[in-house]
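A.B. asks: For what it's worth, our numbering labels the leading residue of the sequence shown as 47, then goes sequentially. Where a beta carbon is used, it is the ideal one built from N, C-alpha and C, also for glycine. The structure presented is a predicted model; accordingly, all values stated were derived computationally and were not measured. Here it is: the structure, laid out below.
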Amino acid sequence: MDDEYAKFIRRMNPPRVVIDNDSSEDATIIQSMDSENWENDDEFELVNDDGFVYKRRKKSSLDPTLSAAPKLPDPAVEKKNRLERKKRALMKIKEKYEKEIQQWELLSNTFKAMQKNVETQQETTFTDSPDPPATSSDPTCSPLVDQLLAQVEAQEAVIGNISKLCDVVESFCDAQEEKIKQSVLDLPIWAHAPSDLISSLCED
């Protein structure tokens, strides 16, 4: 009867286990015969699974590639990549500020040219103007009046140019302000309702 039972077990699971009734009088011992991933056939261990005792070979490490620690990145490569990222970020910032500096230099040069033009016109007017007449009813004061009118018109033109320059600067500042506001509004924190933010803070 025992031989038939042993044959039945071998036929049902031939490559996996062998029944061993001689090793223990109180329990049937099943010996694992699967040789895959085992180092030494002579190394066994007894396992008691809720009264069901069986013997199995001690298992070695299954796969060195699975149990091994993940490969750390090369420090030299990481340092090179980090420097490349910093370089790209600095180049982007440099281009941004170069454009702003060029705009401010253009505005500054235009303003200086206006100031120089006004000073030149004033010097020319005062140099070429004749001595003031004794009385305002003298017909010779007419050229002086014309020169003064021309000077006032020139100053008015300069003031108009400065006003336009101020408008350009103001529009530039408004654009920068809108850009800063938009960068603040694009922060992820505004994607949530105030009640959700308060709830999350209370939970923390």
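1. Whole angstroms is fine: what's the gap from Val99's alpha carbon to Leu92's?
2. What does Phe90 pair with, by DSSP beta-bridge criteria?
3. Have a look at Lys133 and Phe157 and give me their C-alpha separation to the nearest angstrom.
4. Is DSSP giving Asp96 helix, strand or coil here?
5. Quick check: the Cα distance between Ile205 and Leu153, rounded to an integer number of angstroms?
6. For Glu119, does the three-state DSSP call read helix, strand or coil?
7. Return helix, strand or coil for Ala239, following the three-state DSSP convention.
8. Going straight from the alpha carbon of Ile244 to that of His238, what length do you get?
9. Compare the beta carbon distance of Gln149 and Phe218 with 8 Å and say whether it is the shorter of the two.
10. Name the two residues that bound the continuous alpha helix (DSSP H) containing Asp213.
11. Using the Cβ count rule (16 or more neighbours within 10 Å means buried), how would you classify Arg103?
12. For Ser207, which residues from the same chain have a beta carbon less than 6 Å from its beta carbon, with the 5 sequence-adjacent residues on both sides left out?
13. I need the straight-line Cα distance from Glu202 to Glu146, nearest angstrom please.
C.D. replies: Taking the definition as stated:
1. 7 Å
2. Arg103
3. 36 Å
4. coil
5. 15 Å
6. Correcting the residue type first, residue 119 is Pro in the shown sequence and not Glu. Of the three classes helix, strand and coil, the one that applies to Pro119 here is coil, per DSSP.
7. coil
8. 10 Å
9. yes
10. 188–231
11. buried
12. It is Asn, not Ser, that sits at residue 207 in the sequence shown. Taken in chain order, the residues that qualify are Met160.
13. 30 Å
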